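Asks: Here's a structure for you.
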Amino acid sequence: MKQHDCDVAIVGAGFAGMHLIYRLRQLGFSVRCFDKASGVGGTWYWNRYPGARCDIESVQYSYQFDDALQQDWNWTERYATQPEILKYANHVADRFDLQRDITFDCGIASAHYDEAGQCWGLRDATGCLARARYCIMATGCLSVPNRPEIKGLERFAGPVYHTGTWPHERIDFTGLRVAVIGTGSSAIQSIPHIARKAAGLTVFQRTANYAIPAHNGPLDPERLKTIKAGYGDMRARAKTTYGGIDAVYNTEPALEATPAEREAEYERRWQAGGLTFLGAYGDLMLSKQANDTAADFVRAKIRQTVKDPAVADRLCPANIIGGKRLCVDIGYFETYNLDHVSLIDLNQHPIEEITETAIRAGGKDIAIDCLVIATGFDAMTGALMNIDIRGRGEALLQNKWANGPIAYLGLAIAGFPNLFTVTGPGSPSVLTNMLPTIEQHVEWICACLAAMRERGHTVVEADGKAEAAWTDHVRDISAPALKSTTGSWYLGSNVPGKPAVFMPYLGGLPAYIEKCQDVVANGYEGFSFSAG
Ligand code: N01
436 MKQHDCDVAI VGAGFAGMHL IYRLRQLGFS VRCFDKASGV GGTWYWNRYP GARCDIESVQ
496 YSYQFDDALQ QDWNWTERYA TQPEILKYAN HVADRFDLQR DITFDCGIAS AHYDEAGQCW
556 GLRDATGCLA RARYCIMATG CLSVPNRPEI KGLERFAGPV YHTGTWPHER IDFTGLRVAV
616 IGTGSSAIQS IPHIARKAAG LTVFQRTANY AIPAHNGPLD PERLKTIKAG YGDMRARAKT
676 TYGGIDAVYN TEPALEATPA EREAEYERRW QAGGLTFLGA YGDLMLSKQA NDTAADFVRA
736 KIRQTVKDPA VADRLCPANI IGGKRLCVDI GYFETYNLDH VSLIDLNQHP IEEITETAIR
796 AGGKDIAIDC LVIATGFDAM TGALMNIDIR GRGEALLQNK WANGPIAYLG LAIAGFPNLF
856 TVTGPGSPSV LTNMLPTIEQ HVEWICACLA AMRERGHTVV EADGKAEAAW TDHVRDISAP
916 ALKSTTGSWY LGSNVPGKPA VFMPYLGGLP AYIEKCQDVV ANGYEGFSFS AG
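Quick note: the sequence shown uses the numbering used here, first residue 436, plus one each step.
Spelled out as structure tokens, the structure:
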């Protein structure tokens, strides 16, 4: 394997890695990007399960760094499908000739900082691949599948698919008895598609989930034209909202509205569809009582949709709405009205084991031909903790983060000079529209590297004190928040043994952007620089 000596090594060729290549090249840095996939696209390369699509409107879940790109590309649906997003990623790679700087089919196993040489050495399983002054981890927040440990799983004779590493070839469920384990976004999107083909579908649910209808459809060309005419304004407005999505977020408290007013507002948002349902009132994620009003509305919708009241009961979430990431669905609840679809509540009937031909739950064998595991990801820290990352004094990141992530702004880590993370823990990342959030990090990191070059600096490192203060701040604002009261992948509670720490920054995108700008305005406050 060829060794690459370059200014910047990038791990991951998803939307973050691709934008990094483009921007760093523009600034005159030499780059080499590595990805274990055989193509670009990151999460959209791997998540090919039936029904996979974005839950943020395509016109907003897209790059804005190049106006000609956003003017030229035409999204065809309100919420783009996985194939269309992957096509877009490939279009961007071709348009900016990014692939020549990417080594595919190459999973980085270790990244070690060489203090004397002031550079990072990256290796895959076969040996040294790159030596670079800087290393940027663009490894994604949801890129490591969470695989459940179920007795007998390895004995099952039929095919087993994880939604997060779906095969490239089309899987035909026609006439098969299928089981799906999990009821998060991936399951909620795939279940209606699987049910359309399968002879029987059994869904194993541990926690019921809220889903708001997508009301997806073709993008009206006239609407697209209007959006494109005002794209810049739309992007600017989006940056002023908590989640980086251009939409109307009410600030008035739900509890000050009358029940009739609330019902009308929730109904209006239900009919509009999508994640911005939670923008109905300003206190939905602050007050349990307010949250209950929205949760009750959605539970009533589930009961209206699902004909069997016992099944509807099982599908009605008991926890707060928006605690786990809200899901956006197309025909999910209606699917349970089909005679060949059944729902098993794992709290009442836990899986005892999997045999060669069946799932045994609650003392009963449910015969299946294939199994779909939709149990999500080891989120936010999983990809970084899976790489042997060593900083100063060969200190291991795995040790530093053993009790939860400690990072400065989700961008840098004390003791790990010249290492950056894109949308790392402690940044708003997964609580926002990821594309603009990725771009904000990429722009910040690239500007930092350019500033260092101008000043003759060769080493940058987050200060331990600044890092500790930011990590405390991230923890302090999440402690009283309703969101941190629900078990979720934000907290790592979906992965057995993972420390329960609320990982993303809950202060919202505008506050975070301001903080990043202030850091720069104050001479990169919280970072120290030196020259070799
Ligand atoms: O994963 P999840 P996901 N036995 O963690 C259950 C993004 N995404 O892949 O809630 C039985 O949400 C688990 O139960 P519980 C999006 O950000 C985006 O669906 O932990 N069940 C849960 O029901 C999303 O939030 C899109 O009790 C087990 C399910 O598996 C994130 O990815 C589409 C279990 C996992 O749900 C993750 O979504 C898809 C076990 N041992 C995903 N372990 C878009 O639209 C876990 N579960 C862009």
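Glycine included, C-beta positions come from ideal geometry on N, C-alpha and C. Model, not experiment: these values are computed from the prediction.
Given a threshold of 16 other Cβ atoms within 10 Å of its Cβ, counted over all protein chains shown, does Thr770 qualify as buried or as exposed?
Replies: Taking the sequence shown and counting its residues from 1, the one referred to as residue 770 is at position 335. Classification of Thr770: buried, given that the 10 Å Cβ count is 16 or more.
Asks: Which residues in the same chain have their Cβ closer than 6 Å to the Cβ of Val936, if we skip the five residues on either side of it in sequence?
Replies: The residue labelled residue 936 in the question sits at position 501 within the sequence shown. So the list reads Gly839, once near-sequence residues are dropped.
Asks: Should Leu781 be counted as a contact of the ligand N01 given a C-beta to heavy atom distance under 7 Å?
Replies: Reading the sequence shown from its first residue, position 346 is the one you call residue 781. Checking every heavy atom of the ligand N01 against the Cβ of Leu781, one is found closer than 7 Å.
Asks: What beta strand (DSSP E) runs, 3 residues minimum, are completely inside the stretch 501-535?
Replies: none
Asks: Where Ser923 and Leu719 are concerned, what is the direct C-alpha to C-alpha distance, given to the nearest angstrom?
Replies: Residue mapping note: residue 923 aligns to position 488 of the sequence shown, counting from 1. Residue mapping note: residue 719 aligns to position 284 of the sequence shown, counting from 1. Distance between the alpha carbons of Ser923 and Leu719 is about 18 Å.
Asks: I need the straight-line Cα distance from Leu462 to Ala885, nearest angstrom please.
Replies: Counted from its first residue, the sequence shown places residue 462 at position 27. Counted from its first residue, the sequence shown places residue 885 at position 450. If I take the Cα positions, the gap works out to 7 Å.
Asks: Please work out which residues of its chain come closer than 8 Å, Cβ to Cβ, to Val1052, disregarding the five sequence neighbours upstream and downstream, and give them in chain order.
Replies: Residue coverage of the chain in this structure runs from 436 to 967, which leaves residue 1052 outside it and unanswerable.
Asks: Cβ of Phe972 within 7 Å of any heavy atom in the ligand N01?
Replies: The shown model of the chain, from 436 to 967, leaves out residue 972, and the question about it has no answer.
Asks: Which runs of the alpha helix (DSSP H) spanning at least 4 residues fall entirely within the stretch 815-871, listed in chain order?
Replies: Scanning the stretch 815-871 for uninterrupted alpha helix (DSSP H) segments of 4 residues or longer gives 817-820, 832-835, listed from N- to C-terminal end.
Asks: Taking all protein chains shown into account, decide if Gly797 is buried (16 or more other Cβ within 10 angstroms of its Cβ) or exposed.
Replies: The residue given as residue 797 occupies position 362 in the sequence shown. The residue is exposed, with fewer than 16 neighbouring Cβ atoms inside 10 Å.
Asks: Helix, strand or coil, according to DSSP, for Phe450 in the structure here?
Replies: Position 15 of the sequence shown holds residue 450. Correct three-state label for Phe450: helix.
Asks: Does the Cβ of Lys759 lie closer than 7 Å to at least one heavy atom of the ligand N01?
Replies: Here residue 759 corresponds to residue number 324 of the sequence shown, with the count starting at 1. Lys759: yes, Cβ under 7 Å from the ligand N01.
Asks: Provide the residue(s) that pair with Ser777 in DSSP beta bridges, ordered along the chain.
Replies: As a first step, residue 777 must be located in the sequence shown, where it is residue number 342. Bridge partners of Ser777: Thr637.
Asks: In terms of residue numbering, what span does the beta strand (DSSP E) encompassing Ser545 cover?
Replies: Residue mapping note: residue 545 aligns to position 110 of the sequence shown, counting from 1. Counting along the chain, the beta strand (DSSP E) containing Ser545 begins and ends at 545-549.
Asks: Excluding the 5 residues flanking Ala611 on each side, which residues of the same chain have their C-beta closer than 7 Å to its C-beta?
Replies: For this step, residue 611 is matched to residue 176 along the sequence shown. The residue you asked about is not Ala; residue 611 is Leu in the sequence shown. Contacts found: Ala633, Ala634, Asp804, Cys805.
Asks: Excluding sequence positions up to five away, which residues of its chain have a Cβ less than 7 Å from the Cβ of Val930?
Replies: Here residue 930 corresponds to residue number 495 of the sequence shown, with the count starting at 1. Contacts found: Asn581, Asp813.
Asks: Report, in whole angstroms, the separation of the C-beta atoms of Leu750 and Ala643, which I expect to be a contact under 8 Å.
Replies: Counting from 1 along the sequence shown, the entry for residue 750 is found at position 315. Counting from 1 along the sequence shown, the entry for residue 643 is found at position 208. Sure, about 5 Å apart at Cβ, within 8 Å.
Asks: What's the gap between the Cα of Arg530 and the Cα of Val894?
Replies: Position 95 of the sequence shown holds residue 530. Position 459 of the sequence shown holds residue 894. Between Arg530 and Val894, the C-alpha separation is close to 33 Å.
Asks: According to DSSP, what are the bridge partners of Ser963?
Replies: The residue given as residue 963 occupies position 528 in the sequence shown. In the DSSP output, where bridge partners are listed per residue, Ser963 has Glu896.
Asks: In chain order, what are the residue ranges of uninterrupted alpha helix (DSSP H) at least 4 long that sit wholly in the stretch 682-719?
Replies: 694-707
Asks: Thinking C-alpha only, which one of Ala487, Thr538, Asp502, Ala544 is nearest Ile520?
Replies: If you number the sequence shown from 1, residue 520 lands on position 85. When each option's Cα is compared against that of Ile520, the closest is Ala487.
Asks: Regarding Pro627 and the ligand N01, is the C-beta to nearest heavy atom distance less than 7 Å?
Replies: Position 192 of the sequence shown holds residue 627. Pro627: no, Cβ never under 7 Å from the ligand N01.
Asks: Under 7 Å from any heavy atom of the ligand N01, does the C-beta of Ala487 make it?
Replies: Looking up residue 487 in the sequence shown gives position 52. Remark: the shortest separation between the CB of Ala487 and any heavy atom of the ligand N01 falls under 7 Å.
Asks: Could you tell me the boundaries of the beta strand (DSSP E) in which Val613 lies?
Replies: Against the sequence shown, residue 613 aligns to sequence position 178. For Val613, the enclosing beta strand (DSSP E) has its first and last residue at 612-616.
Asks: Evaluate His597 with the Cβ neighbour count: other Cβ atoms within 10 Å of its Cβ, from every protein chain shown; 16 or more gives buried, anything less gives exposed.
Replies: Mapped onto the sequence shown, residue 597 falls at position 162. The residue is buried, with at least 16 neighbouring Cβ atoms inside 10 Å.
Asks: Quick check on this structure: which residue in Ala472, Gly556, Leu588, Glu700 has the alpha carbon closest to the alpha carbon of Thr600?
Replies: Residue 600 sits at position 165 when you count from the first residue of the sequence shown. It is Ala472 whose Cα lies nearest to the Cα of Thr600.
Asks: Give a yes or no on whether the C-beta atoms belonging to Ile629 and Val746 are separated by under 8 Å.
Replies: For the purposes of this step, residue 629 is taken as the residue at position 194 of the sequence shown. For the purposes of this step, residue 746 is taken as the residue at position 311 of the sequence shown. Result no, Cβ atoms of Ile629 and Val746 do not sit closer than 8 Å.
Asks: Take Glu791 as the anchor and find which of Ala592, Ile445, Gly667 has the nearest alpha-carbon.
Replies: Along the sequence shown, read from residue 1 onward, the residue named residue 791 stands at position 356. Nearest option by C-alpha distance: Ala592.
Asks: Can you check DSSP and say which residues form a bridge with Cys563?
Replies: The count along the sequence shown starts at 1 and reaches residue 563 at position 128. Cys563 pairs with Arg558.
Asks: Would you mind working out which of Thr516, Asp748, Thr740, Ile755 sits nearest Thr728, comparing C-alpha positions?
Replies: For this step, residue 728 is matched to residue 293 along the sequence shown. Of the candidates Thr516, Asp748, Thr740, Ile755, the one whose C-alpha sits nearest the C-alpha of Thr728 is Ile755.
Asks: Can you tell which of Phe962, Val475, Met669 has the C-alpha that lies nearest to the C-alpha of Met887?
Replies: Numbered from 1 along the sequence shown, position 452 holds the residue referred to as residue 887. Comparing Cα positions, the closest option is Phe962.
Asks: Locate the alpha helix (DSSP H) running through Phe732, then write down its first and last residues.
Replies: Numbered from its first residue, the sequence shown carries residue 732 at position 297. It spans 723-740 - the alpha helix (DSSP H) in which Phe732 sits, taken as one unbroken run.
Asks: Considering Lys799, what are the terminal residues of the beta strand (DSSP E) in which it resides?
Replies: Numbered from 1 along the sequence shown, position 364 holds the residue referred to as residue 799. It spans 799-802 - the beta strand (DSSP E) in which Lys799 sits, taken as one unbroken run.
Asks: In three-state terms, what does DSSP make of Asp655?
Replies: For the purposes of this step, residue 655 is taken as residue 220 along the sequence shown, with counting starting at 1. Reduced to three states, the DSSP call for Asp655 is coil.
Asks: Should the stretch 559-567 be called in touch with the stretch 452-462, which here means at least 3 C-beta pairs below 8 Å?
Replies: no
Asks: Measuring alpha carbon to alpha carbon, tell me which residue in Ala673, Val615, Arg670 is nearest Ile779.
Replies: Indexing the sequence shown from 1 puts residue 779 at position 344. The option with the nearest alpha carbon to Ile779 is Val615.
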